[in-house]
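In my numbering, the protein residues as written are 150 to 491.
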C-alpha cells in the first residue's frame, strides 16, 4: 500500500466525476461555444457574486493573468515572501507583468494591514515603482494551511481602498478555509477585485482553475490567456469535472482536515519530530532535528510506501486529500511508529 501525501493534486477523478466528464456537451471554448465551460464559468461567478469567470489550465495561469491584467510594466505587487505567486510561479510577476514584488514577512505567510502599509510606496516619489496590487493567499501553503477570516480581509481591503490599490486572492485552497470558517463565498466576491480558485486540489478535478472578477477584467484576461497559449478547444470534458466538484466535493473537505489532525497526532509520538505547525486545514508541516535532513527523511519514508515532500532543509510536508482513507492512516501509523521504536 502506497500512502501518497505529497499533495492534494495527486487525486484521481471519482467514478461519478468520470461519468460527468464522459457525458459532457462540448463545443469550441476559444470560439466561446462550449456549453459546459460556459456553465462552469457562470456557476463559479454566481457562487461568489462576481460578474464573470474564466476557466484556465492551472492556478499559476489564473494568478498570473490577474497580475498581468491589474498591473502595468514597472508597477509593484505587494505579497508575502512565502506566497505561491512569488515562490512557485517561475518568476511570473517579473516575466509576464514586468512588475516588481515587495515581499512582506507575515506570520505564517499572512499579511496584515500594518504590514501592507509598510510596503506602499508614495506615488509622488519618482524613485519608486507605483504600488498597484496586493495579493493574498488563502489558505497559505507554506504557512501550513492557515487561513484568513472575512474580518481580517475586510481590514486589508480598507487599506487598499485608502491607497487606491487592487486586491487579488490566490484561493487555490479557498474552500478549505471556507469549510472551517463557515463564511459565505459572496463575502469574498465583495472584498476582492479578482479571485483565483483551483479545482484540481482538494476538489479532486484532474485539471483546472478559475479566475473570477469584473466582466471587463475577465475579458482582458481572456486575451492574455490566448497570448500565453492558454486557449483550449473542447474543454467541456474538464469543465464538467469542475461543475461536479463544486456540487459534491466542498463539504467533504472537513474529512481531509480531520485526517490531517490524525496524522498530526501520529507525528507527536515520534522522537524525530521536533515541531509541528498548527494544523488548521489539510496541510501538515513538521520540523526535524538539525542532524536529520528532510531529503533523507523523505527518502526513508518513500522506501516504506509513505510519500511526502521536502519543504525546507529540515521541514517535511504532508497533504491530505480525496484519495486518502482511514485505513491508510492506520497503516501509516504502524510503519512510522514501528520504525521509530527500533
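C-beta atoms are modelled at their ideal positions from N, C-alpha and C, and glycine is treated no differently.
- Task: Could you check the C-alpha separation between residue 195 and residue 431 for me, to the nearest Å?
- Result: If you number the chain shown from 1, residue 195 lands on position 46. If you number the chain shown from 1, residue 431 lands on position 282. The alpha-carbon atoms of residue 195 and residue 431 are separated by roughly 26 angstroms.
- Task: Starting from residue 435, trace the alpha helix (DSSP H) both ways and give me its first and last residue.
- Result: As a working mapping, residue 435 is identified with position 286 in the chain shown. Per DSSP, residue 435 belongs to no alpha helix (DSSP H); it is in the beta strand (DSSP E), 432 to 436.
- Task: Could you check what DSSP says for residue 391 in three-state terms: helix, strand or coil?
- Result: Position 242 of the chain shown, counting from 1, holds the residue named residue 391. It is helical.
- Task: Would you mind working out which of 396, 223 and 264 sits nearest residue 276, comparing C-alpha positions?
- Result: Numbered from its first residue, the chain shown carries residue 276 at position 127. Comparing Cα-Cα distances from residue 276 to each of 396, 223 and 264, the minimum goes to 223.
- Query: Can you name, in chain order, every residue of its own chain whose Cβ lies under 6 angstroms from the Cβ of residue 225, other than the five neighbours on each side?
  - Reply: Here the question's residue 225 lines up with position 76 in the chain shown. The answer, listed in chain order, is 249, 251, 278 and 280.
- Query: How do the segment 199 to 218 and the segment 361 to 372 stand: do at least 3 beta-carbon pairs fall below 8 angstroms, yes or no?
  - Reply: yes
- Query: Using CA coordinates, which residue listed in 459, 453, 429 and 435 is at the minimum distance from residue 443?
  - Reply: By 1-based counting over the chain shown, the position of residue 443 is 294. Checking every option, the nearest Cα to that of residue 443 belongs to 459.
- When the distance is taken between beta carbons, is residue 411 closer than 9 angstroms to residue 475? Numbered from its first residue, the chain shown carries residue 475 at position 326. Numbered from its first residue, the chain shown carries residue 411 at position 262. The answer is yes: Cβ separation under 9 angstroms.
- Query: Looking only at its own chain, which residues have a Cβ that is under 6 angstroms from the Cβ of residue 190, when we skip the five neighbours before and after it?
  - Reply: Within the chain shown, numbered from 1, the residue matching residue 190 stands at position 41. Answer for residue 190: 202 and 204, listed in chain order.
- Message: Can you tell me whether residue 150 is buried or exposed? The criterion is at least 16 other CB atoms within 10 Å of its CB, across all chains shown.
- Response: Residue mapping note: residue 150 aligns to position 1 of the chain shown, counting from 1. By the neighbour-count rule (16 or more Cβ atoms within 10 Å), residue 150 is not buried but exposed.
- Indicate the three-state DSSP secondary structure (helix, strand or coil) for residue 385 in the structure shown. Translated into the one-based positions of the chain shown, residue 385 becomes position 236. Residue 385: helix per DSSP, three-state reduction.
- Message: Using a Cβ distance threshold of 8 angstroms, determine whether the segment 432 to 440 contacts the segment 460 to 473, with at least three qualifying pairs required.
- Response: yes
- Ordered list of beta strand (DSSP E) runs contained in the segment 279 to 339, each at least 3 residues: Segments of the beta strand (DSSP E) lying fully in the segment 279 to 339: 279 to 286 and 315 to 320.
- Query: Between residue 462 and the rest of its own chain, which residues show a CB-CB distance below 7 angstroms, the 5 nearest in sequence each way excluded?
  - Reply: Looking up residue 462 in the chain shown gives position 313. Exclusion of the five residues before and after residue 462 leaves 442 and 443 as the residues of its chain whose Cβ lies within less than 7 angstroms of its Cβ.
- Query: Under the three-state reduction of DSSP, which class applies to residue 459: helix, strand or coil?
  - Reply: Taking the first residue of the chain shown as position 1, residue 459 is located at position 310. In the structure shown, residue 459 sits in a strand (DSSP, three-state: E or B).
- Selection from 382, 355 and 470 that minimises the alpha carbon distance to residue 169: Mapped onto the chain shown, residue 169 falls at position 20. Checking every option, the nearest Cα to that of residue 169 belongs to 355.
- Task: Tell me residue 205's beta-bridge partners as DSSP assigns them.
- Result: Against the chain shown, residue 205 aligns to sequence position 56. Residue 205 pairs with 358.
- Check whether the Cβ atoms of residue 348 and residue 294 sit closer than 9 angstroms, and answer yes or no. Position 199 of the chain shown, counted from the first residue, corresponds to residue 348. Position 145 of the chain shown, counted from the first residue, corresponds to residue 294. Contact: no.
- Answer yes or no: do residue 265 and residue 253 have a C-beta to C-beta separation smaller than 9 angstroms? By 1-based counting over the chain shown, the position of residue 265 is 116. By 1-based counting over the chain shown, the position of residue 253 is 104. Yes, they are a contact pair.
- Item | the segment 375 to 385 / the segment 285 to 305 touching (three or more Cβ pairs under 8 angstroms) | no
- Message: What does the Cβ neighbour count give for residue 389, buried or exposed, with the cut at 16 atoms within 10 Å?
- Response: Taking the chain shown and counting its residues from 1, the one referred to as residue 389 is at position 240. So residue 389 counts as buried.
- In terms of residues, what are the limits of the beta strand (DSSP E) holding residue 467? Position 318 of the chain shown, counted from the first residue, corresponds to residue 467. Looking at the DSSP string, the run of the beta strand (DSSP E) that includes residue 467 is 464 to 468.
- Going by C-alpha distance, which of 212, 163 and 270 is nearest residue 309? Here residue 309 corresponds to residue number 160 of the chain shown, with the count starting at 1. When each option's Cα is compared against that of residue 309, the closest is 270.
- Do you know offhand how far residue 238's Cα is from residue 214's? Locating residue 238 in the chain shown gives position 89, counting from the first residue. Locating residue 214 in the chain shown gives position 65, counting from the first residue. Rounded to whole angstroms, residue 238 and residue 214 show a C-alpha spacing of 12 angstroms.
- Message: Among the candidates 272, 307, 241 and 231, whose CA atom is the shortest distance from the CA of residue 287?
- Response: Here residue 287 is taken as the residue at index 138 of the chain shown, counted from 1. Just measuring C-alpha positions, the residue of 272, 307, 241 and 231 sitting nearest residue 287 is 231.
- Would you kindly report the start and end of the unbroken beta strand (DSSP E) that includes residue 247? Here the question's residue 247 lines up with position 98 in the chain shown. Counting along the chain, no beta strand (DSSP E) covers residue 247, and no H or E run does either.
- Do the CB positions of residue 316 and residue 283 come within less than 9 angstroms of each other? Taking the chain shown and counting its residues from 1, one reaches residue 316 at position 167. Taking the chain shown and counting its residues from 1, one reaches residue 283 at position 134. For residue 316 and residue 283, yes; Cβs fall inside 9 angstroms.
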